[in-house]
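Below is one structure, written out as structure tokens, with a few remarks after it.
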Amino acid sequence: MSVNSAESPRTPPPKITSSEWALILVLVAIHFTHMVDFVIIMPLGQRLMSELSISPVEFASIVSVYAVAAGVASLIGSLFMDRFDRRSVLLAMYGGFAVSTLLCGLAPTYEWLMVARTLAGIFGGLAAVAIMAVIGDVFAPEKRGRATGAITSAFAVASIVGLPIGLVLANEYGRGAPFVVLAGLSAVVWVIAAFRLPQVRGHLEHARRSATSEFVAVIAEPNHQWAFGFSFFMVLGTFTVASFIAPYLTATNGWSEADLARLYFAAGVCTLIGMNIVGRMADRFERLKLFRFLAGMTIVATLVVTNLPPGPLWVAAAVMSLFMVFAAGRMVPAQAMLLGTAQPRNRGAFMSLNTSVQHLATGIAPMLAGSLITITDDGKMLGFPIVGYVAVILTLCSLILAGRLRPAKAIIVPAQLELELKPSAEPVAAA
């Protein structure tokens, strides 16, 4: 029996309650600020290199250190994530993220910015893990698709809203302004989260072994190993292409940053709509079949976008939108499938390790793609079609591994958490 047949009934899924939607909105707000912090650094590249007098290699280090730090933190976090209330972990990590983002805005030198980005990656990565653990523990399997779709759509919203506003702030008030404003917004979201997040302690009811023993047990579980491999190839296949789409389109068509901004805006809007549609489909249809369909369409979109000849902006926007909708959309059933492979008592550790694997893939992808690409003397980019073929092979690997996933033997009963969706009785969480 596949993981999806156990989680995706044919009958219409139950409605998400108003209290559950309130929780989802809080988690979306947290994830949105995290995503804006992640993506805003890239369009600021030229400004940072000029104002800080750093080389392209040093700027690349600023970008990559975030993912590396998040990956290492997620790996270490797997040792303790399941030993505390999910709410406490999420608030602590998100608070650290807000402070780190403020430090990014105030950093006067390259060295200080590297330190601040490292801290932001550590706290932001662990906060993202805690969000997915909350989704897995609080929401019934037949509701996780819609909840996951809403959370993952924060990336599209960050591209549509966060990037343009951040660039305007940087242009008007300097490179640190986007981070300072984002830190202030994160502080407001933290206060709201402190009042609205429920305590999630069901995973603490199980008898626990030592942290090392549990860490080894999570890694040694064959089902988890298939899941880690599945995540690795899925993310690697996406980011080998995504990391060089903008440079390829710029080199091929001679477009400006303003043209690329319009292109990403259009693709972001389509992705936002598509993610929520896929989220509903993930609760209504068998998730393995849905993932395979979306992954198949991702392969088609990958081959088209990596072989796209010079042409009008609207054509590129349509092709890129299809790629982002399918590539991001398959993450919705994939995350719901992954959440079902771990038992509640180990879900935090599993998601920490899984996030670490995904960050590793995110870090390897640009290097893999870059090794296959060359730039000619006249500025043309060669080798991107080869990157597309490699991405197709990686995606096919994820398709094969998806069929190996199985549901965990014990899944927490959602009714046990019904009362916890109400505001906590603690003073900080009183409504």
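Take the position in the sequence shown, starting the count at 1, then add 199; the result is the number in our numbering.
No residue lacks a Cβ here, since even glycine has one placed at the ideal position from N, Cα and C.
Contact annotation: residue 445 and residue 435 have beta-carbon atoms that are not nearer than 7 Å. DSSP, read as helix, strand or coil, puts residue 581 in strand. Straight through space, the alpha carbons of residue 331 and residue 575 are spaced by roughly 43 Å. Boundaries cannot be given for residue 361, as no alpha helix (DSSP H) includes it and DSSP labels it neither H nor E.
DSSP, read as helix, strand or coil, puts residue 253 in coil.
In the structure shown, residue 501 adopts helical secondary structure according to DSSP, grouped into three states.
Just so you know, the alpha carbons of residue 494 and residue 222 end up roughly 30 Å apart. When the beta-carbon positions are compared, residue 348 and residue 478 come within less than 7 Å of each other.
In the structure shown, residue 239 falls within a coil segment according to DSSP collapsed to helix, strand and coil. The alpha-carbon of residue 537 is positioned some 15 Å away from that of residue 528. Classified as buried, residue 342 has 16 or more neighbouring CB atoms from the shown chains inside 10 Å of its CB.
One alpha carbon belongs to residue 597, the other to residue 490, and they sit about 10 Å apart. By the C-beta criterion, the stretch 427-443 is judged not to be in contact with the stretch 468-484, since fewer than 3 inter-stretch pairs fall below 8 Å. Residue 381 counts as buried, since at least 16 other C-beta atoms from the protein chains shown sit within 10 angstroms of its C-beta. For the options 542, 421, 346 and 264, the alpha carbon positioned closest to that of residue 475 is the one of 346.
Between the alpha carbons of residue 554 and residue 579 lies a distance of about 35 Å.
By the C-beta density criterion, residue 566 is exposed, having fewer than 16 other C-beta atoms within 10 angstroms. Put simply, the backbone Cα of residue 523 is about 12 Å away from that of residue 498. Under the three-state reduction of DSSP output, residue 575 falls in the coil class, being neither helix nor strand. Per DSSP, residue 327 is one residue of the alpha helix (DSSP H) stretching across 309-337. For residue 513, the three-state secondary structure derived from DSSP is helix. Between residue 466 and residue 239, the alpha-carbon positions lie close to 17 Å from each other.
Between residue 549 and residue 415, the CB-CB gap reaches or exceeds 7 Å. For residue 484, the secondary structure class from DSSP, reduced to helix, strand or coil, is coil. Taken through DSSP and simplified to helix, strand or coil, residue 306 comes out as coil.
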